[in-house]
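To start, the structure itself, in structure tokens.
Numbering (the UniProt record's numbering), first residue to last: 1 to 252.
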């Protein structure tokens with residue numbers, strides 16, 4: 001049976017650091033599973049609620065960590081790093097980025113094997129959901145990324161394909177939400193996070209009149225932890241299970 005901890009993947013990028021800050025701020029036991037622990041800010045490392053585990057997604061250490069820490073939920077901010085984006089710019093037809101395979105071959109099987117039944121994961125607004133309305137801003141963003149960074153586009157859209165295809169039953173009984181995010185703005189330093197988490201509201205739904213083209217990382221992190229705590233739901237299914245909302249700053 002899952003415990004009360006939250007395991008964060010992608011915890012060393014600015015969005016992931018903001019999520020870790022928000023979890024600790026709200027007294028959640030947090031496991032940061034990272035490749036580069038030195039990228040975790042020093043002010044977080046000293047928090048007794050934070051455990052930092054060093055490992056790759058492909059490593060056997062990931063399922064071992066799930067077995068040992070018994071998290072109730074995974075929040076994944078996995079996505080192309082700045083260096084990976086640079087590589088896609090200089091070598092647009094190089095090897096595919098690994099993020100869809102990370103979920104299909106490692107993360108979701110480990111969740112199944114160790115009874116972790118909730119995951120909130122980062123995706124891209126470039127993935128069009130059936131109920132989305134036409135939107136010139138989203139169309140322009142999608143077209144730009146598809147042309148300039150095709151490998152990154154294929155990888156992030158591929159994540160949605162993994163979840164939508166339900167990868168051989170791995171998602172049976174799993175409460176999963178993919179956040180289709182637009183431009184992420186704002187930094188991860190403590191003071192900026194504290195300010196940004198209080199700025200405006202968050203919209204989660206179809207691309208339409210209420211959707212906007214960006215969201216502050218600090219405010220997104222607050223919404224993520226609201227979801228962990230059951231304070232927000234998305235979609236029409238029970239608990240918002242199996243949904244892909246477009247998540248952005250609320251209009252107005």
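Glycine included, C-beta positions come from ideal geometry on N, C-alpha and C.
Does residue i come out as helix, strand or coil in the three-state DSSP assignment?
i           : result
residue 239 : Residue placement at residue 239 cannot be trusted, given a pLDDT of 49 that sits under 50; the coordinates are not used to answer.
residue 171 : coil
residue 61  : helix
residue 19  : helix
residue 11  : coil
residue 160 : helix
residue 254 : Given a span of 1 to 252 for the chain in the structure shown, any question on residue 254 remains unanswerable.
residue 30  : strand
residue 50  : strand
residue 178 : strand
Taking DSSP's pairing of strands, which residues face residue i in a bridge?
i           : result
residue 125 : DSSP, once it has assigned bridges, lists no residue as partnering residue 125.
residue 183 : 214
residue 5   : 71
residue 36  : Residue 36 is not bridged to any residue.
residue 76  : 9 and 121
Out of the options, which one is the CA nearest neighbour of residue i?
i           : options              : result
residue 199 : 228, 186, 103 and 74 : 186
residue 219 : 248, 211 and 112     : 248
residue 246 : 140, 126 and 108     : 126
residue 44  : 62, 61, 136 and 21   : 21
residue 179 : 17, 13 and 75        : 75
residue 78  : 28, 34, 222 and 190  : 34
Throw me the rounded Cβ distance for the residue i and residue j pair, which I believe falls under 8 Å.
i           : j           : result
residue 263 : residue 117 : Outside the displayed range of the chain (1 to 252) lies residue 263, so it cannot be described from this structure.
ask   = Curious, which full-length alpha helix (DSSP H) runs of at least 4 residues does the stretch 193 to 248 contain?
value = Fully enclosed alpha helix (DSSP H) runs of 4 or longer: 217 to 228.
Length at least 4, wholly inside the stretch 99 to 155: the alpha helix (DSSP H) runs in chain order = Counting whole runs of 4 or more residues, the stretch 99 to 155 contains the alpha helix (DSSP H) stretches 108 to 114 and 136 to 148.
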